[in-house]
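Q:
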């Protein structure tokens, strides 16, 4: 390491030019002095400050060395100054004396200040400096010792006072604390208690002395307290906290939170325990009340889903191994009508009356009655003896529900449908049991009102597949599993193409290609029909728009079926306009097929959507015309261009050489009604030439089905247009 000061260092520490400016040789000597003593002691100043300090002391030593008469007292002051800046290490003194003894006389000669008797004076200066240094250090040590002694005496006095104050504070806390405090020996016997212990345990303090702490809790909580206390005494744990219950002499239930800690003597040996008792009875009562509220239906007072789930977990415990369980899932019939016609207060009172009757039945059978929400109820029966044992319970419950009840001046007669599941506990769980009961209830409601149905694994499996399909439909649409195919619609007189009819398909990854009967009704029931129909309408218009751009006037008209629910959707018109604008598809090239009953609202007036869609230019086609026996005269008021008929009676036209007269009459009457309304008739599901011939004779205008042509993809439209027509109408293949 280079100890030579840089130009910057020299300039930083140099005194101003002129009088009093230290000689550079003095400054260099001070720097060497600093390097000699640095590292021997902590000096609370920076290096430049130390250089300046030592320069001044060098000048004072040089002046003392050359002074007449000679006086070594200045050196003693320098030694004291060194001790004052914490250069107190003996090594620092030795190095200082060695440096001054060897260099100070030479420095004096270099500066032109050679004293007489230099050696003797140097020795005197060094001796005086050492004396001053040692004296200053001794005084510093004595001063520090005095400070320490005073501090020790003060600390001792403070400790004694703190001990007295601590004991007073402990006694004040012990006597006045609302917490119960017990001093307990390592054997668990109570040695001392405060007054609060007597208040908490409904007794007096003296009566608690000598008792074991386990006597202050009920037997069923003793094990947990004993375990915690044993761990504390064995020094396994430093402290513990546990809630226990105690039955007081007056039969009052007292809940306490017990926290314990171990107290050791001066040698660290465990001496006794301190147990704190907090009365948490109100908290436990509040918890129980909140827990009851959280597990109780607020309207009926029956168990809610949470309590039902907890009880089901208990009932599904697999011990013993042959244990069985039963559940009845009820749904009131037509409850919405009561709510809508008489109001929700009447409906709530009816639910309350039904709940009370169900609860009375449940108590007799040892069952739990619960409300699932709305007008759905459940009876859970643990430990059943077989399906037959459930029959009297469900029939008795339905009978009770059917009994008339008078509410607000109305005599109401309710009924319910029920799904009943009874099976072994092994192999099932709460979620599966409820799901099977819900599906069985769904089957009961399909069979009519006031019915109950017993669980059937095969039929439930089929229903479950339908539910799974409905649940997977949204993701299937997002994953592009749906696609559109087109079937030709051809005239019967010359085989000419009337339109391309769009048919929705689902390419299911497990079940393969599914046709609309598999999923359209499910989409209607779940509300998915709007999203699915929006997608279908947009796909069809995009395809048809592309046909127009590629084929021009040769592009076929396209027909697409809309469900009744979707046609009534208030957003249909806006969506229709948006689709037409985005696809560039002229509305005049579009035919919308709608169910007959969707053209009228609940009071029989024409739906506004019909007029708006027609104003946009699209033509309307009535699907399954005549199937619902609508007052066909009302159709005269609506802008409908054609009707499509379908059904088994059309397919039977070709079953025998002589067609059934009833089938011919049904077809003829529907076709006649449509023609009287100035609507052309299209027949669907026409597969054979004989069907086509008979329908042509009866006045049907066009057909679709295998006889008119096989389905094709949107990109195959040109191939479909060029396909030869085989055997349509009276033509030959």
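Residue numbers (my numbering): 959 to 1691. Beta carbons are placed, not taken as given, at the ideal position from N, Cα and C, and that holds for glycine.
#1: With 16 as the cutoff for other CB atoms within 10 Å, does residue 1437 come out buried or exposed?
#2: Helix, strand or coil for residue 1033? Go by DSSP, reduced to three states.
#3: Distance check for residue 1488 and residue 1462, CA to CA, integer angstroms please.
#4: Whose C-beta lies closer than 7 Å to the C-beta of residue 1238 among residues of the same chain, with five residues either side of it excluded?
#5: With DSSP as the reference, label residue 1175 as helix, strand or coil.
#6: From residue 1434 to residue 1460, what does the alpha carbon distance come to, in whole angstroms?
#7: Could you check whether the segment 1257-1275 touches the segment 1168-1176, counting it as contact only if at least three pairs of C-beta atoms, one from each stretch, sit closer than 8 Å?
#8: Between the C-alpha atoms of residue 1274 and residue 1673, what's the straight-line distance to the nearest angstrom?
#9: Give the C-beta separation of residue 1411 and residue 1383 to the nearest angstrom, bearing in mind that I take them to be a contact with Cβ-Cβ under 8 Å.
#10: Taking the alpha-carbon of residue 1149 as reference, which of 1158, 1159, 1165 and 1430 has the nearest alpha-carbon?
#11: With the cut-off set at 8 Å, would you say residue 1696 and residue 1291 are in Cβ contact?
#12: Mapping DSSP to helix, strand and coil, what is residue 1199?
#13: Taking only three categories from DSSP, how would you classify residue 1676?
#14: Assign residue 1327 to one of three DSSP states: helix, strand, or coil.
#15: Sorted by chain position, which residues of the same chain lie with C-beta nearer than 6 Å to residue 1562's C-beta, five sequence neighbours on each side aside?
#16: Could you compute how far the alpha carbon of residue 1424 sits from the alpha carbon of residue 1431?
#17: Tell me where the beta strand (DSSP E) around residue 1553 begins and ends.
#18: Between which two residues does the alpha helix (DSSP H) containing residue 992 stretch?
#19: Decide yes or no for the touch test of the segment 1514-1530 against the segment 1541-1559: beta carbon pairs closer than 8 Å, at least 3 of them.
#20: I'd like the list of long-range same chain contacts for residue 1034, defined as Cβ closer than 8 Å, with 5 residues on each side in sequence excluded.
#21: Where does residue 1599 fall in DSSP's three states?
#22: Within this structure, are the beta carbons of residue 1580 and residue 1531 separated by less than 8 Å?
#23: Could you check whether residue 1661 and residue 1678 sit closer than 8 Å to each other, using their CB atoms as the reference points?
#24: Using a Cβ-Cβ cut-off of 8 Å, state whether residue 1075 counts as contacting chain C.
#25: Roughly how many angstroms separate the alpha carbons of residue 1511 and residue 1626, rounded to a whole number?
#26: Leaving out the 5 sequence neighbours to the left and right, which residues in its chain are closer than 8 Å to residue 1077 when beta-carbon positions are compared?
#27: From residue 1277 to residue 1283, what distance separates their C-alpha atoms?
#28: Return the chain-ordered list of same chain residues with a C-beta closer than 6 Å to the C-beta of residue 1474, the five sequence neighbours on each side being excluded.
#29: I want to know whether the segment 1310-1320 touches the segment 1246-1254 - three or more CB-CB distances under 8 Å.
#30: What does the alpha-carbon distance come out to for the pair residue 1249 and residue 1264?
#31: Name the two residues that bound the continuous alpha helix (DSSP H) containing residue 1537.
#32: Write down every uninterrupted run of the beta strand (DSSP E) in the segment 1117-1163 whose length is 3 residues or greater and which is fully enclosed by it, in chain order.
#33: Would residue 1492 be called buried (16 or more neighbouring beta carbons within 10 Å of its own) or exposed?
#34: In whole angstroms, give me the CA-to-CA distance for residue 1226 and residue 1055.
#35: Would you give the residue range spanned by the beta strand (DSSP E) that residue 1470 belongs to?
#36: Verify whether the separation of the beta carbon atoms of residue 938 and residue 1287 is less than 8 Å.
A: Concretely, from the data shown:
#1: With fewer than 16 other Cβ atoms within 10 Å, it is exposed.
#2: helix
#3: If you take the alpha carbons of residue 1462 and residue 1488, they lie about 14 Å apart.
#4: 1201, 1213, 1214 and 1215
#5: coil
#6: 19 Å
#7: No, because fewer than three Cβ pairs between the segment 1257-1275 and the segment 1168-1176 fall closer than 8 Å, the two stretches do not touch.
#8: 57 Å
#9: That pair is no contact at about 22 Å.
#10: 1165
#11: Since the first residue of the chain shown is 959 and the last is 1691, residue 1696 is not available in this structure.
#12: strand
#13: helix
#14: strand
#15: Because residue 1562 carries a pLDDT of 41, less than 50, the predicted location of this residue cannot be relied on, and the following value inherits that uncertainty. Correct list: empty, nothing qualifies.
#16: 11 Å
#17: 1548-1553
#18: 982-995
#19: Contact between the segment 1514-1530 and the segment 1541-1559 is present, because at least three Cβ pairs lie under 8 Å.
#20: 1086, 1087, 1089, 1090 and 1093
#21: strand
#22: no
#23: no
#24: No chain C appears in the structure shown, which is made up of a single protein chain.
#25: 35 Å
#26: 1063
#27: 12 Å
#28: 1462
#29: At 8 Å Cβ cutoff, the stretches do not touch.
#30: 10 Å
#31: 1530-1541
#32: 1138-1142 and 1148-1151
#33: buried
#34: Taking the straight line joining both Cα atoms gives about 54 Å.
#35: 1470-1472
#36: Look at the range of the chain in this structure, 959 to 1691, and you will see that residue 938 is not part of it.
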